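Position 313 of the sequence shown, counting from 1, maps to 313 under my numbering, and the rest follow consecutively.
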Amino acid sequence: MKKLVLIFLLSEFSVGYSQVEKADLHKDYHPQASDSLQEEIIQKQEISLYPPYPNPAKGEGLRKYPPPLMGGGEGEGDYINLFNSFAIVSDTAQEVPEKKFIDDDEFKKEVLHHFSNKDEILFEEIDDCFVRDLGDILHTRSLLNVIKVGPPGQLETVSWGAAKDLRIFIDGILYEQQSLHLPQRGVLDLNSIPVENIEKIEILPSGIANLWGRGSGLGGINIITKDYGEIEPYSRITVDRGSDKYRRTQVELGRGVSSRGKIYLTGGFKKSNGYLINSDYDGRSLSGKTTLSLKNNLNLRFFAHQYKTKMGLPLFPDANIKDTRKKENNWGITSSIFLKQNKNSFLRLDLLYDKREQELKSSSAWFEIKKINRRLGMKAFQTLKYRKRHNLKFEAYAGGKKFETSNSSHIAYGTYLSFSDLINMNERTNLIWFSKIEKEDDFKVNFSGLGGISYKIAANINLFSTLGKLVNCPSSMDLYWKPLSLNLNDTIVNYLEEGNADLKSQKSTVFDFGVRLERENYKLSCFLFENKIDDFFYWSNIDTSMAYGYWKPINTEADIWGINLNSSLHLFNHFKSSISYCFKQNKDSNRKLFLPHSPKHSLFGYVQYENEFLKREIGLKLRLETNILSERFLDEYEKNEEPGVAIFNGKITVRLLDFHFYYVVENITDRVYLLTQEYPMPERSWWWGFYWEFFD
1 MKKLVLIFLL SEFSVGYSQV EKADLHKDYH PQASDSLQEE IIQKQEISLY
51 PPYPNPAKGE GLRKYPPPLM GGGEGEGDYI NLFNSFAIVS DTAQEVPEKK
101 FIDDDEFKKE VLHHFSNKDE ILFEEIDDCF VRDLGDILHT RSLLNVIKVG
151 PPGQLETVSW GAAKDLRIFI DGILYEQQSL HLPQRGVLDL NSIPVENIEK
201 IEILPSGIAN LWGRGSGLGG INIITKDYGE IEPYSRITVD RGSDKYRRTQ
251 VELGRGVSSR GKIYLTGGFK KSNGYLINSD YDGRSLSGKT TLSLKNNLNL
301 RFFAHQYKTK MGLPLFPDAN IKDTRKKENN WGITSSIFLK QNKNSFLRLD
351 LLYDKREQEL KSSSAWFEIK KINRRLGMKA FQTLKYRKRH NLKFEAYAGG
401 KKFETSNSSH IAYGTYLSFS DLINMNERTN LIWFSKIEKE DDFKVNFSGL
451 GGISYKIAAN INLFSTLGKL VNCPSSMDLY WKPLSLNLND TIVNYLEEGN
501 ADLKSQKSTV FDFGVRLERE NYKLSCFLFE NKIDDFFYWS NIDTSMAYGY
551 WKPINTEADI WGINLNSSLH LFNHFKSSIS YCFKQNKDSN RKLFLPHSPK
601 HSLFGYVQYE NEFLKREIGL KLRLETNILS ERFLDEYEKN EEPGVAIFNG
651 KITVRLLDFH FYYVVENITD RVYLLTQEYP MPERSWWWGF YWEFFD
């Protein structure tokens, strides 16, 4: 009984002492504060001085791997216990920076919440799947058609259905490049976008993707690069080794710079000898992002990147030339200013410059091709919330691009002004409309517009639909690429390529309809799209009598439509699965032909088991993937049809504290298949690797 009385008296004394202490602190530092302000200050001091003791039953006090980047909440991952002492928790709470980085795109979040299936590829999923390049990540979404030419490091592109003008953004900035390759396809090479610094990838629907950036396209992705959002330092090293002397190493480093700044650096290299003659690859990348939080809701951000590669380029299988080499050097810098004027207004200014150099060279064929693209521009956008119903966005851009080759150059200037309004009609209904006026190079002024509606049937069921008319201008390479003739197998010219100065602007009518159902343990979505394209840009073989073709961009008509179904399930504690299926019909309606390289049916799915042992210090993941492609034509004249194929991959990952080891078997059944006419894809191959995280 005496013990109980003593405990009661001590508890009463401690409570009374803490109240007096809080009052004294308040009196010392804010003697002139009003009553409402005093209460707010006391609440803040209670948070910083008396943090709640973590509750293990609720998962509190457990560090997750990887640490939260992007300044957001903690993501899913593995755990380790941090219960060392209450003092450590208190110290950590006091070190939290006062300022948080201003979120620069609330408008985009609102739009994607109402007018998309909210499909994102997070870094946890990237770590779980088989990743050597960006194409390995994107092919997990069957809506996106990833096309690879043989060994790792060779040309790799992605399209929406069969349209090559998928829009790719990096932190909201449109990424533009056309790769040098033989035969020329006029497409962007995904290898030029490193995967080392990817935090997440947002899938943008066919119409909504055009609310940002110049020009237009069919669908898009927005790559969010890694940013440092933690108090304590973070670093990570990743090492891969595999068949054909494949090896990759990357390093990541995140640090805080005083209480107002942060920096995140990534760098690495990737090499492979390839399984074909002259298919070796040597690529290096480096990127860095620095953010400074200044006073008066003003923030600065600097992002810089460089990608360099040297590689062999195997041409046509029966060509005598076996020494074609390619070099590429891409670098750029973006400086951004973020100003949150008040809770309803936000301004962002971007100044960007990039330079992309490419070179093809062959000593035996006596040719050397060079291409340099430079871009300098400034973009501004302003968001406003008006009367709690209208979410407005104004965006403007002005800039110039210089296109250089070995014997010519061209400078093109462009500008656009766009306006968007997301209208909250009520709790269930939202409307959106978008318009853009654009002037590009010597083309006439173009107008694009789009409208849509979304309706929330229930708290977890959302419907949306958009309809728009979009215009896009051809690139400088499409227009001004000088004629190139080569002798690849004998003494006569048997390969030709050139641009087309008579190309017209591409005009698209886009329609989509989607439905999304979300529950705690599963997510289902359906997406229907149709795109009718007038004056569709397409690099075509216009003379099949030549042994290796006569390649030139043309205007034609295209009709691209399909349906995409996605589901992800977490019905059991240690199992999760996902299926992404797409049916698409892609036709050149002018020539009555199917567009090549695009299967009518495609499916990607996986099943994954994961568990933890010994107080979560050891983790295990087992993953089985499948990628199924139906029959598809490999040429534009429907002469070369490739049969359907099912590819299976397996991966095992073991974690010991912060050290993760994985082993991968790709193409388990050893299938032989092609995605293009040139070379087969890799047969059964293996690789292993590890990544190690450090939190100090």
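Built from N, CA and C at the ideal position, the CB exists for glycine as well. Please read all numbers here as calculations on a predicted model, not as lab measurements.
Could you pull out every residue in the same chain whose Cβ sits closer than 6 Å to the Cβ of I202, ignoring the five residues on either side in sequence? With the sequence shown as reference, residue 202 is identified as Glu, and Ile is not the correct amino acid for it. These residues qualify, in order along the chain: E120, N222.
Inter-residue spacing [alpha-carbon to alpha-carbon] between R167 and D442: 22 Å
E438 classed as buried or exposed, judged by whether at least 16 other C-beta atoms fall within 10 angstroms: buried
Any chance the CB of L450 is under 7 Å from a heavy atom of the ligand ATP? With respect to the ligand ATP, the structure shown offers nothing to examine, as it has no ligands at all.
Measuring straight from C-alpha to C-alpha, what distance separates T157 and D189? The alpha-carbon separation between T157 and D189 amounts to approximately 5 Å.
Using only the alpha-carbon positions, how far apart do A396 and N521 sit? The C-alpha of A396 lies about 42 Å from the C-alpha of N521.
Indicate whether G229 and P151 have their beta-carbon atoms separated by less than 8 Å. At least 8 Å separates the beta-carbon of G229 from that of P151.
Below 8 Å between beta carbons: does that hold for E328 and I372? no
Using only the alpha-carbon positions, how far apart do F86 and L657 sit? Because the pLDDT at F86 is just 30, under 50, the model does not fix this residue reliably, and the point stays unresolved.
Pull up the distance between the alpha-carbon of N299 and that of H139, whole angstroms please. Cα-Cα distance, rounded: 36 Å.
For F367, name the three-state secondary structure that DSSP assigns. Strand, per DSSP.
Short check: CB of K340 to CB of N391, under 8 Å? no
Per DSSP, W561 is paired with what? E530, Q585
Look at the alpha carbon of S589 and the alpha carbon of I554, and state the distance between them as a whole number of angstroms. 14 Å
Between the alpha carbons of P596 and I237, how many angstroms are there, rounded? Their backbone Cα atoms lie some 40 Å apart in a straight line.
Specify the secondary structure class of K148 as computed by DSSP and reduced to three states. Under the three-state reduction of DSSP, K148 is assigned to strand.
On a Cα-Cα basis, can you pick out the residue from F527, Y609, S142, P183 that is closest to M546? P183
What does the alpha-carbon distance come out to for the pair K118 and L112? 6 Å
Kindly indicate which three-state DSSP category E125 falls into: helix, strand or coil? helix
From L313 to D323, what does the alpha carbon distance come to, in whole angstroms? 8 Å
Residues near T92 by beta carbon distance below 6 Å, same chain, minus five either side: Confidence at T92 is low in this model, with a pLDDT of 35, below 50, so its placement is unreliable and the value that follows should be read with caution. Result list for T92: empty, nothing under 6 Å.
In angstroms, rounded to a whole number, what distance separates the CA positions of G697 and I224? For the chain, the structure presents residues 1 to 696; residue 697 sits outside this window and is missing.
Return the chain-ordered list of same chain residues with a C-beta closer than 7 Å to the C-beta of N407, the five sequence neighbours on each side being excluded. K482
Run through DSSP, which three-state label would A304 get? Of the three classes helix, strand and coil, the one that applies to A304 here is strand, per DSSP.
Just the Cα atoms here: how many angstroms apart are L629 and G135? 16 Å
K507 versus G468, S540, S259, residue with shortest Cα-Cα distance: Comparing alpha-carbon positions, the option among G468, S540, S259 lying closest to K507 turns out to be G468.
Within the same chain, show all residues whose beta-carbon is closer than 7 Å to that of S465, passing over the 5 residues directly before and after it, in chain order. Correct list, in chain order: G452, I453, D512, F513.
So, is Y416 buried or exposed, given that buried needs 16 or more other C-beta atoms within 10 angstroms? buried
How far does the alpha helix (DSSP H) with G135 in it reach, from first residue to last? 134-138
Starting from the Cα of M681, find the closest Cα among K109, L143, Q154 and give me that residue. Q154
From what residue to what residue does the beta strand (DSSP E) around H660 run? 659-666
Report yes or no: do the segment 613-625 and the segment 635-645 share at least 3 C-beta pairs separated by less than 8 Å? no
Secondary structure at E232, three-state DSSP: helix, strand or coil? coil
Proximal residues to S519 (C-beta, below 7 Å), its chain only, five neighbours per side dropped: Position check: residue 519 holds Arg in this sequence, whereas Ser was assumed. Cβ neighbours of R519 beyond the five flanking positions: N460.
Whose C-alpha, out of F367, I333, L204, is nearest the C-alpha of F527? For the options F367, I333, L204, the alpha carbon positioned closest to that of F527 is the one of L204.
Backbone CA spacing between L634 and P474 [nearest angstrom]: 24 Å
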